[in-house]
Amino acid sequence: MKKILVILLSILTFSAQAAESAEGEKFSPGDMIMHHVGDDYVWEFAHGLTIPLPVILYGENGLDIFLSSKFYNEHHELQPYKGYVMEHGHIYYANEEGEPKTVTGENGEEKHVGPLDLSITKNVASMFVSVFLLFVVFLSIASAYNKRRGKAPRGLQSFFEPIIVFVRDDIAKTNIGPKYERYMPYLLTIFFFIWFNNLLGLIPGGANLTGNIAVTLTLAVLTLIITVFSGNKSYWGHIFNTPGVPWWLKWGIPIMPLVEVIGIFTKPFSLMVRLFANITAGHIIILSLFSLIFIFESVAIGPVSVAFATFMNFLELFVALLQAYIFTLLSAMYFGGAVEEHDHHDDLGHGDAPHLAGAHH
Amino acid sequence: MNPLVTPSIGLLFWQVVTFLLVLFLLSKFAWKPIMKALREREQNIDNALSMAEKAKLEMQSLRADNERLLNEARAERERILKEATDAATALVEGARTRANEEGARMIEQARVSIENEKKAALTEVKNLAATLSIDIAEKLIKRELQDEQAQRALVQSYLRDTPLS
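Protein chains in written order, with the numbering used here: chain B, 13 to 373; chain S, 18 to 182.
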């Protein structure tokens with residue numbers, strides 16, 4: 013059933029590209045893929061089934077809120093609206109000719125200027141859908157726990173309970189230690205936020221939210237902030253006065269503190285890139301497989317592409333869970349490293365081996 | 018720069034706002050009650066298990082207690098029985114002893130009274146015999162001394178036997 017659905021929706025989605033290429037425009041897989049993994053002001057489920065999304069701009073003219081469909085005339089051609097113009101997926105101020113306004117920078121380089129763009133884009137809308145789902149699922153589970161206090165879980169509750177317990181016991185408890193409890197809300201939220209959004213991204217027509225650098229950046233920065241604010245004396249001691257390192261490497265030539273401080277930032281940076289790259293790559297591979305059909309301009313290649321893409325989709329279902337797990341696990345490890353109480357007597361150089369091993373994951 | 022690795026301000030803004038809101042709301046209304054319920058349930062299970070264990074131990078000690086009580090009761094019964102038997106034996110023994118003593122005393126009394134009777138009888142027989150002897154003697158003498166001659170002979174014989182100084 014799922015396979016049929018995947019095939020059907022894939023055909024629906026890509027018929028758009030096929031139609032365009034049939035009109036004489038050369039099919040460009042790169043542009044198509046970038047268009048699909050990127051953000052947009054409309055939500056295109058399939059060709060012809062497009063929902064315009066609200067555009068929210070704040071700039072020279074104050075606050076402007078309107079639907080993105082205003083940028084298109086009745087022939088689906090781009091047009092300026094209210095002094096704004098959309099070009100290559102960005103909104104700029106329009107000049108008299110309806111072209112993006114340009115300013116010349118200090119180095120003589122010309123660039124377009126635009127207002128502060130807080131539009132509800134496809135990714136934002138998709139995030140709202142996922143948030144709605146998160147609320148529906150977990151608030152109903154919470155109420156089930158309240159109603160059936162002390163009883164065995166049932167239904168949705170029994171599906172999610174092992175996962176929640178897994179996050180608590182195998183991610184938080186083992187990596188953070190006795191102080192795990194205060195990190196549980198954050199760990200559970202990122203785990204389910206990432207997982208849900210990964211899955212939503214796999215639905216044909218879905219947005220590539222967790223494959224967007226802005227999203228992974230936010231999550232990684234939150235992990236960084238929590239880690240830094242959780243850091244106890246021993247954590248900072250390890251960074252600025254690393255045990256087991258010759259004194260001249262700490263105060264003579266401060267290489268170790270420098271490396272450790274860089275390490276504070278590389279850990280969340282790796283989180284950001286890992287999630288973004290994994291999810292985007294998965295989307296790109298699936299889209300590339302479908303592009304083959306249009307590159308070869310042959311229906312015969314279709315079954316092959318669909319077979320591979322189906323396989324990739326199942327793999328991506330696994331990756332969706334795996335990446336949510338890895339992001340949560342590594343966050344927990346960083347928190348664990350920050351709150352860990354080191355015993356300095358037997359800790360010369362090998363005490364933090366477990367969480368360093370995690371960091372190089 | 019590639020648009021893929023350029024975070025857009027709008028998405029960043031919405032992501033931060035939404036995520037923090039989600040984090041706050043889910044923490045307050047979902048994770049907190051869920052974690053609490055899980056913890057409570059685990060504690061309940063732990064308690065139930067330890068209570069079952071305790072009940073088992075209690076049962077065992079109860080059984081041991083019962084066994085002990087039973088043994089005690091049995092011992093008590095033995096003791097009471099033995100005491101009763103002893104008392105009965107003592108009673109019988111006492112009665113027998115008393116009866117024996119009484120018998121002996123009565124035999125003794127009878128013996129003494131027989132002795133006394135015998136003595137009285139003997140005395141009576143002696144007295145009777147003496148009276149009879151005197152009577153006989155009287156009668157004899159009366160008959161002997163009916164003639165003068167015999168009386169004189171007798172006085173003579175007495176006189177002969179009596180030394181006269």
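Glycine included, each C-beta is placed from N, C-alpha and C at the ideal position. Treat the numbers as computed from the prediction; the structure is a model and nothing was measured.
Examine chain B for any beta-carbon lying closer than 9 Å to the beta-carbon of V33 (chain S), and answer yes or no.
-> Reading the second sequence from its first residue, position 16 is the one you call residue 33 (chain S). Among the CB atoms of chain B, one or more fall inside 9 Å of the CB of V33 (chain S).
Per DSSP, K123 (chain B) forms a beta bridge with which residues?
-> Position 111 of the first sequence holds residue 123 (chain B). Answer is B:V115.
The alpha helix (DSSP H) spanning A312 (chain B) covers which residue range?
-> As a first step, residue 312 (chain B) must be located in the first sequence, where it is residue number 300. Note, A312 (chain B): premise wrong, no alpha helix (DSSP H); not H, not E.
Out of S:N19, S:Q32 and S:V22, point me to the one whose CA is closest to S131 (chain B)'s CA.
-> Counting from one through the first sequence, the residue named residue 131 (chain B) turns up at place 119. Among S:N19, S:Q32 and S:V22, the Cα nearest to that of S131 (chain B) belongs to S:Q32.
Check Y103 (chain B) in the structure and name its three-state DSSP category.
-> Looking up residue 103 (chain B) in the first sequence gives position 91. The question names Tyr, but residue 103 (chain B) is Ile in the sequence shown. Secondary structure of I103 (chain B) (DSSP, three-state): strand.
is_contact[G27 (chain S), chain B] using C-beta, thresh 9 Å = By 1-based counting over the second sequence, the position of residue 27 (chain S) is 10. Judged by the 9 Å Cβ criterion, G27 (chain S) is in contact with chain B.
From the DSSP output, in three-state form, read off Y53 (chain B) for me.
-> The residue given as residue 53 (chain B) occupies position 41 in the first sequence. In the three-state scheme derived from DSSP, where H, G and I count as helix and E and B as strand, Y53 (chain B) is classed as coil.
Output, in chain order, the set of chain S residues within a Cβ distance shorter than 9 Å of R286 (chain B).
-> Residue 286 (chain B) sits at position 274 when you count from the first residue of the first sequence. None at all; the shortest Cβ gap to chain S is about 14 Å.
Own chain residues within Cβ distance below 6 Å of N209 (chain B), not counting five before or after | By 1-based counting over the first sequence, the position of residue 209 (chain B) is 197. For N209 (chain B), where only same-chain residues beyond five positions count, the Cβ hits under 6 Å are S142, L221 and T222.
Bounding residues of the beta strand (DSSP E) (the contiguous stretch that carries G74 (chain B)) = Within the first sequence, numbered from 1, the residue matching residue 74 (chain B) stands at position 62. Element bounds for G74 (chain B): G74 to L79.
Which one of B:N158, B:I225 and B:Y337 has the shortest CA to CA distance from R180 (chain B)?
-> What you label residue 180 (chain B) is simply residue 168 of the first sequence in a count that begins at 1. When the alpha-carbon of R180 (chain B) is set against those of B:N158, B:I225 and B:Y337, the nearest one is in B:Y337.
What are the start and end residues of each continuous alpha helix (DSSP H) run of 4 or more residues lying completely inside the segment 151-188 of chain B, in chain order?
-> Inside the segment 151-188 of chain B, DSSP marks whole alpha helix (DSSP H) runs of 4 or more residues at positions 168-178, from first to last along the chain.
Does L66 (chain S) get closer than 9 Å to chain B when you measure Cβ to Cβ?
-> Within the second sequence, numbered from 1, the residue matching residue 66 (chain S) stands at position 49. It does not: the Cβ of L66 (chain S) has no partner Cβ on chain B nearer than 9 Å.
Beta-carbon gap between K245 (chain B) and L342 (chain B) smaller than 9 Å = Counted from its first residue, the first sequence places residue 245 (chain B) at position 233. Counted from its first residue, the first sequence places residue 342 (chain B) at position 330. It is not a contact, given that the beta carbons lie outside the stated cut-off.
Chain B contact for A69 (chain S) (CB, 9 Å cutoff) = Counted from its first residue, the second sequence places residue 69 (chain S) at position 52. So no, A69 (chain S) is outside the interface.
Do you know offhand how far E86 (chain B)'s Cα is from A184 (chain B)'s?
-> For this step, residue 86 (chain B) is matched to residue 74 along the first sequence. For this step, residue 184 (chain B) is matched to residue 172 along the first sequence. Between the C-alpha atoms of E86 (chain B) and A184 (chain B) there is a straight-line separation of about 55 Å.
How far does the beta strand (DSSP E) with I68 (chain B) in it reach, from first residue to last?
-> Translated into the one-based positions of the first sequence, residue 68 (chain B) becomes position 56. Segment P66 to G71, the beta strand (DSSP E) holding I68 (chain B).
Please go through the same chain and pick out, in chain order, the residues whose beta-carbon is closer than 8 Å to the beta-carbon of P66 (chain B), but skip the five residues on each side of it.
-> Here residue 66 (chain B) refers to the residue found at position 54 when the first sequence is read from its first residue. Sequence-distant partners of P66 (chain B) (beyond 5 residues in either direction) whose C-beta falls short of 8 Å from its own C-beta, in its chain, are I77, F78, L79, S80, S131 and I132.
In terms of residues, what are the limits of the alpha helix (DSSP H) holding W31 (chain S)?
-> By one-based count along the second sequence, residue 31 (chain S) stands at place 14. Note, W31 (chain S): alpha helix (DSSP H), I26 to L43.
Alpha-carbon spacing of E32 (chain B) relative to M324 (chain B), whole angstroms | As a working mapping, residue 32 (chain B) is identified with position 20 in the first sequence. As a working mapping, residue 324 (chain B) is identified with position 312 in the first sequence. Confidence is the limiting factor: at E32 (chain B) the pLDDT is only 46, short of 50, which leaves the residue's position unreliable and the question unanswerable from this model.
With a 10 Å radius around its C-beta and 16 neighbouring C-beta atoms as the bar for buried, classify T179 (chain S) as buried or exposed.
-> Working through the second sequence from its first residue, we reach residue 179 (chain S) at position 162. T179 (chain S) should be labelled exposed.
Where do the N-terminal and C-terminal ends of the alpha helix (DSSP H) with Y198 (chain B) fall, by residue?
-> The sequence position of residue 198 (chain B) within the first sequence is 186, counting from 1. Per DSSP, Y198 (chain B) is one residue of the alpha helix (DSSP H) stretching across M196 to L214.
Hey, P432 (chain B) and L69 (chain B): beta-carbon distance below 9 Å or not?
-> Because chain B is modelled from 13 through 373, residue 432 (chain B) falls outside the range shown and cannot be assessed.
Endpoints, the alpha helix (DSSP H) within which Q163 (chain S) is located = Counting from 1 along the second sequence, the entry for residue 163 (chain S) is found at position 146. Per DSSP, Q163 (chain S) lies in no alpha helix (DSSP H) segment and is marked neither H nor E.
Backbone CA spacing between T62 (chain B) and K134 (chain B) [nearest angstrom] | Counting from 1 along the first sequence, the entry for residue 62 (chain B) is found at position 50. Counting from 1 along the first sequence, the entry for residue 134 (chain B) is found at position 122. Going by the C-alpha atoms only, they are around 11 Å apart.
May I have the straight-line CA-CA distance separating T114 (chain B) from A289 (chain B), to the nearest angstrom?
-> In the first sequence, counting from the first residue as 1, residue 114 (chain B) sits at position 102. In the first sequence, counting from the first residue as 1, residue 289 (chain B) sits at position 277. Going by the C-alpha atoms only, they are around 33 Å apart.
DSSP three-state call for A58 (chain B): helix, strand or coil?
-> Against the first sequence, residue 58 (chain B) aligns to sequence position 46. In this structure, A58 (chain B) counts as strand in the three-state DSSP scheme.
Sub-9 Å separation of V54 (chain B) and G189 (chain B) beta-carbons = Taking the first residue of the first sequence as 1, we reach residue 54 (chain B) at position 42. Taking the first residue of the first sequence as 1, we reach residue 189 (chain B) at position 177. By the CB criterion at 9 Å, V54 (chain B) and G189 (chain B) fall outside the cutoff.
Is it right to say V311 (chain B) is buried, meaning 16 or more other beta carbons lie within 10 angstroms of its own, or is it exposed?
-> As a first step, residue 311 (chain B) must be located in the first sequence, where it is residue number 299. Burial check for V311 (chain B): the Cβ neighbour count within 10 Å stays below 16, so the residue is exposed.
Taking a Cβ distance cut-off of 8 Å, strictly less, list which residues of the segment 251-272 of chain B are near chain S, in chain order.
-> Taking 8 Å as the Cβ-Cβ cut-off, the segment 251-272 of chain B has no residue approaching chain S.
Contact the segment 164-174 of chain B vs the segment 69-83 of chain S: 3+ CB pairs below 8 Å = Not touching, per the Cβ criterion.
Could you tell me whether the segment 287-303 of chain B touches the segment 39-54 of chain B, where touching means 3 or more Cβ pairs closer than 8 Å?
-> Look at the beta carbons and you see the segment 287-303 of chain B touching the segment 39-54 of chain B: at least three pairs across the two are nearer than 8 Å.
Give the residues from the segment 225-251 of chain B that approach chain S closer than 8 Å (Cβ to any Cβ), ordered along the chain.
-> Taking 8 Å as the Cβ-Cβ cut-off against chain S, the residues of the segment 225-251 of chain B that qualify are I225, A226, V227, L229, T230, L231 and L234.
Report the rounded CA-to-CA distance for Q77 (chain S) versus E59 (chain S), giving the unit in angstroms.
-> Position 60 of the second sequence, counting from 1, holds the residue named residue 77 (chain S). Position 42 of the second sequence, counting from 1, holds the residue named residue 59 (chain S). Between Q77 (chain S) and E59 (chain S), the C-alpha separation is close to 27 Å.
Between I89 (chain S) and A105 (chain S), what straight-line distance do the alpha-carbon atoms span, to the nearest angstrom?
-> Taking the first residue of the second sequence as position 1, residue 89 (chain S) is located at position 72. Taking the first residue of the second sequence as position 1, residue 105 (chain S) is located at position 88. A small correction: the amino acid at residue 89 (chain S) is Glu; Ile does not occupy that position in the sequence shown. Whole-angstrom Cα-Cα distance: 24 Å.
Residue range of the alpha helix (DSSP H) that A226 (chain B) falls in?
-> For the purposes of this step, residue 226 (chain B) is identified with residue 214 of the first sequence, where counting begins at 1. Counting along the chain, A226 (chain B) sits inside the alpha helix (DSSP H) bounded by residues I225 to S242.
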